[in-house]
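There are 2 protein chains.
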Amino acid sequence: TALVLAVQILGLSAVIIVAVWMGHFRGGFAWQSDPAKEFNFHPVFMVIGMIFLYSDGILAYRVFRNMKKLYIKILHGMIHLGALIFSAVGLKAVFDSHNLAKNPIPNMYSLHSWMGIITVVLFGLQWLSGLTSFLFPGLSMGLKKQYMPHHVFWGIAILTMAGATALMGITEKALFMMKTFPENGSKIPVLDYSHKPPEGILMNCLGIVIVTL
Amino acid sequence: TALVLAVQILGLSAVIIVAVWMGHFRGGFAWQSDPAKEFNFHPVFMVIGMIFLYSDGILAYRVFRNMKKLYIKILHGMIHLGALIFSAVGLKAVFDSHNLAKNPIPNMYSLHSWMGIITVVLFGLQWLSGLTSFLFPGLSMGLKKQYMPHHVFWGIAILTMAGATALMGITEKALFMMKTFPENGSKIPVLDYSHKPPEGILMNCLGIVIVTL
Ligand code: HEM
Ligand code: HEM
Ligand code: HEM
Ligand code: HEM
Ligand SMILES: O=C1O[C@@H]([C@@H](O)CO)C(O)=C1O
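These protein sequences, in sequence, are chains F and H. If you're matching positions, the first sequence starts at 144 in this note's numbering and goes up one per residue. If you're matching positions, the second sequence starts at 144 in this note's numbering and goes up one per residue.
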C-alpha cells in the first residue's frame, strides 16, 4: 500500500541522511583506531537498527500477505534480530568512543543514554517473548491470544521510544557541535543538514502508527 | 480507574519537578525584567500546558462518565483551551528570553524549536476542528462519525510529539548547563535532578496510550 511505500522511502532517507551527515560532514568512520570517528558509527547503526529495520520488521506482515504464516514469522523475527545486532554494534561504538578517548568521557550520564538503554533492553525482551510465545510450540493457543495485543502494543510503544531517543541523540550531537562554534565567531549552529533525519524518523513512527492502527 | 490515578500522579510530579528544577536550582522566575529568569517559565508552562493539562483534557471522558455529554465536551474543550493558553505564555517566555538578552540569541534554529512549533500549531488546529465539529450544531452526524477516529488518533499523536519535544528540551537545557561545567573542573553534568521529569512525561504518554487503546 501507499503507506508501506511511504515508510520505506522515509526510513531509507533517514538512513542515507545520517550516513551522509556522519560520513561526509563529521569526518567519516573508523573503528577502535580512532574513537572520535568510531562515534560516527553510533548514529548510523542505531538508525538502521532501531528505526529502519525495526519498522520494516513490523511491516513484514503487511507486505507479504500471501506468504505462508510460518515464513513471515521467521522473517519478522529475523529482521528484528538484525535490528538488535545493528543496535548492539552501534552501542559498542559509543561506549568505545567514550572509553578509548584520550580524555575518557563518562558513560550513561544523559537522559538520551538512559532512555536508549531502556529502549534496547525492552526491545531485547520483546524479541525473546515474541520468540518463545509464537515460534516455539510449547504455549497454548489461549495464552498466545492473550499475549498478542500486548506484543503489538509494546512493539509500537518501544518504536516510539526509539524515535524519541534518536531525536534526543540528534539534539545532543547538534549541541556538542555548537560548542565549538563561538570560537568561529558564529552563534548559529550548523543544523541545516541535521533537520531531515528527525523528520524522517518522526514521520516514520507516525506512519507506522497509522498503518498498524 | 488505577490508570487515571497513575496519570494524575505522574503528571503532577512532572509539573512539581520542573517547577522545583527551575524555581530552586535554576534561580527562580522573573518576567521581562530579567530575560534569563524569564526563560525558566518556559519549561514549567510547557509541561503544565502540553503535558499535564493535555493529558487531563483527554481523560475527562474517562473520569466523568456519568455527567451529561454536553458538559464533558465543554470541560474537555476548556481544559485544552487552558493547555493552549499556558503553552502560548510558555512560548512568549522563551522568545522574550532570546530577544531581550543582552546578546540576543537567534530564534527557531533547533530541532526542539521546530518540533515544538509544529506540535503547538497542530494542537491549535486540533482544537479548532474539535470545536467546529463537535460543539457547533452545523455538522451532520455522518461527518462527525467520520472525523471522530481522526480526532482521537491525532489527539494521541500530537501528545506523543509534545512528549518527544519536551524530552529534547530537557536534553538541550541539560547540555547548555553542562557547557559551564568544565570551568568548575568537573565533566559530569548535573543531571541527577533532571532525570525525573522525562520519566514522568514518558510514563504519562505511555499511560495515556494505554488508557485510550
Ligand atoms: C534509538 C537509537 C539510539 C539509542 C538506543 C542510543 C543509545 C545511546 C546510549 C546508551 C548512549 C550512552 C553511551 C555511553 O554512555 O557511553 C548514547 C550516547 C550518545 N548518543 Fe545515542 N542512541 C541512539 C541514537 C542516536 C542518534 C541518532 C544520535 C545522533 C545523531 C546519537 C547521539 C549520541 C551522542 C552524542 C552520545 C554521547 C553523549 C551521551 O552519552 O548522551 N544517538 N546513545
Ligand atoms: C523486538 C522484536 C519484535 C517487535 C518489536 C515486534 C513487533 C510486532 C508488531 C508491532 C506487530 C504488529 C504488526 C501489525 O499489526 O501489522 C507484531 C506482530 C506479530 N509478531 Fe512481533 N515483534 C517482535 C518479535 C517477534 C518475534 C521474535 C516473533 C516470533 C516469531 C513475533 C511474532 C509475531 C506474530 C505472530 C505477530 C502477529 C502477526 C499477525 O498475525 O498479525 N514477533 N510484532
Ligand atoms: C512540548 C513542550 C515544549 C514546546 C512545544 C517547546 C517549544 C519551544 C520553542 C518553539 C522554542 C524556540 C524559541 C525561540 O527560538 O526563541 C523553544 C526553545 C527552548 N526550549 Fe522549549 N518547548 C517545550 C518544552 C521544553 C522543556 C520541557 C524544556 C527544558 C526543560 C525546554 C527547553 C528549551 C530551551 C533550552 C530552548 C532554547 C534553545 C532552542 O531554541 O532550542 N523546552 N522551545
Ligand atoms: C487540541 C485539543 C484537543 C485534543 C488534543 C483532543 C483529544 C481528544 C482525544 C485523545 C479523545 C479521545 C478520548 C478517549 O478516547 O478517551 C477525544 C475525544 C473527544 N473530543 Fe477531543 N480533543 C481536543 C479538543 C476538542 C474540542 C474543542 C472538542 C469540542 C467540544 C472535542 C470533542 C471531543 C469529543 C466529542 C470526543 C469524543 C468522546 C467520546 O465520545 O468518547 N475535542 N479528544
Ligand atoms: O559525550 C560526548 O561528547 C561529545 C564530544 O566529545 C564531541 O562531539 C561526543 O561526541 C560524545 O560522545
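Glycine included, each C-beta is placed from N, C-alpha and C at the ideal position. For clarity, every value in this text was computed on a predicted model and none was experimentally measured.
Which whole-angstrom value describes the C-beta separation of methionine 311 of chain F and threonine 314 of chain H, a residue pair presumed to lie in contact below a C-beta threshold of 8 Å? 5 Å
Kindly examine ligand 4 and report whether one of its heavy atoms sits closer than 7 Å to the Cβ of histidine 255 of chain F. no
C-alpha distance - alanine 371 of chain H paired with asparagine 183 of chain H, whole-angstrom precision: The requested residue 371 of chain H is not part of the displayed model; chain H covers only 144 to 356.
Contact set for proline 178 of chain F: own chain, Cβ-Cβ below 7 Å, skip 5 residues either direction: Asp239, Ser240, Leu243, Ala244
For lysine 245 of chain F, name the three-state secondary structure that DSSP assigns. coil
In whole angstroms, what is the alpha-carbon distance linking serine 329 of chain F and proline 247 of chain H? Bear in mind that a pLDDT of 41 at serine 329 of chain F, under 50, signals an unreliable position, so the model cannot answer this.
Using 8 Å for Cβ pairs, my map puts alanine 305 of chain F next to threonine 262 of chain F. What's the rounded Cβ distance? 5 Å
Do we get a CB-CB distance below 8 Å when we pair histidine 293 of chain F with the residues of chain H? no
Contact belief for valine 147 of chain H with valine 206 of chain H at Cβ below 8 Å, rounded distance in angstroms: 6 Å
Measuring only from the beta carbon, is threonine 262 of chain F closer than 7 Å to any heavy atom that is part of ligand 1? yes
Under a CB-based cut-off of 8 Å, is threonine 262 of chain H close to chain F? no
Please say whether histidine 185 of chain F and valine 237 of chain F have beta carbons closer to each other than 8 Å? yes
Return helix, strand or coil for serine 176 of chain H, following the three-state DSSP convention. coil
With a threshold of 16 other CB atoms inside 10 Å of the CB of isoleucine 260 of chain H, please say whether the residue is buried or exposed. exposed
Less than 7 Å between the CB of glycine 312 of chain F and some heavy atom of ligand 1, yes or no? yes
Taking contact to mean 3 or more Cβ pairs, one atom from each stretch, closer than 8 Å, check whether the segment 214-229 of chain H and the segment 277-294 of chain F are in contact. no
Is the CB-CB distance between leucine 196 of chain H and phenylalanine 229 of chain H below 8 Å? yes
What residues from the segment 292-315 of chain H come within 8 Å of chain F, judged by C-beta to C-beta, listed N to C? Phe296, Ala300, Thr303, Met304, Gly306, Ala307, Leu310, Met311, Ile313, Thr314, Glu315
What residues of chain H sit near alanine 317 of chain F, judged by a beta carbon separation below 8 Å? Ser253, Leu254
Completely contained alpha helix (DSSP H) runs for the segment 257-300 of chain F, where each covers 4 or more residues: none
Who sits around ligand 4, taking every residue whose Cβ is closer than 5 Å to one of its heavy atoms? H:Ile201, H:Tyr204, H:Lys216, H:Gly220, H:His223, H:Phe266, H:Gln269, H:Trp270, H:Gly273, H:Leu274, H:Phe277, H:Leu278, H:Val295, H:Gly298, H:Thr355
Answer with buried or exposed for serine 198 of chain F, where buried requires no fewer than 16 other C-beta atoms within 10 angstroms of its C-beta. buried
Let's test the definition: count the other Cβ atoms within 10 Å of the Cβ of alanine 300 of chain H and tell me whether it reaches 16, buried, or not, exposed. buried
For valine 295 of chain H and leucine 202 of chain H, what's the separation of their Cα atoms in angstroms? 12 Å
Close beta carbons around asparagine 250 of chain F, own chain, < 8 Å, minus the five adjacent residues each side: Phe238, His241, Asn242, Ser256
Between lysine 287 of chain H and the rest of its own chain, which residues show a CB-CB distance below 8 Å, the 5 nearest in sequence each way excluded? Ser276, Phe277
Assuming phenylalanine 188 of chain H is part of the alpha helix (DSSP H), what are its boundary residues? 184-189
Could you check if isoleucine 301 of chain F belongs to the surroundings of ligand 2, using beta carbon to heavy atom distance under 7 Å? yes
Neighbourhood of glycine 285 of chain H by C-beta, 8 Å cutoff - its chain only, sequence neighbours within 5 removed: none
For valine 161 of chain F, name the three-state secondary structure that DSSP assigns. helix
Kindly examine ligand 1 and report whether one of its heavy atoms sits closer than 7 Å to the Cβ of proline 178 of chain F. no
Counted within 10 angstroms of its Cβ, other Cβ atoms place lysine 212 of chain F as buried (16 or more) or exposed: exposed
Close-in-space but distant-in-sequence residues of the same chain around isoleucine 222 of chain F (CB under 6 Å, 5 per side omitted): Leu196, Asp199, Gly200
With distances taken Cα to Cα, identify the nearest neighbour of valine 161 of chain H among H:Ala149, H:Gln175, H:Phe188, H:Trp174. H:Phe188
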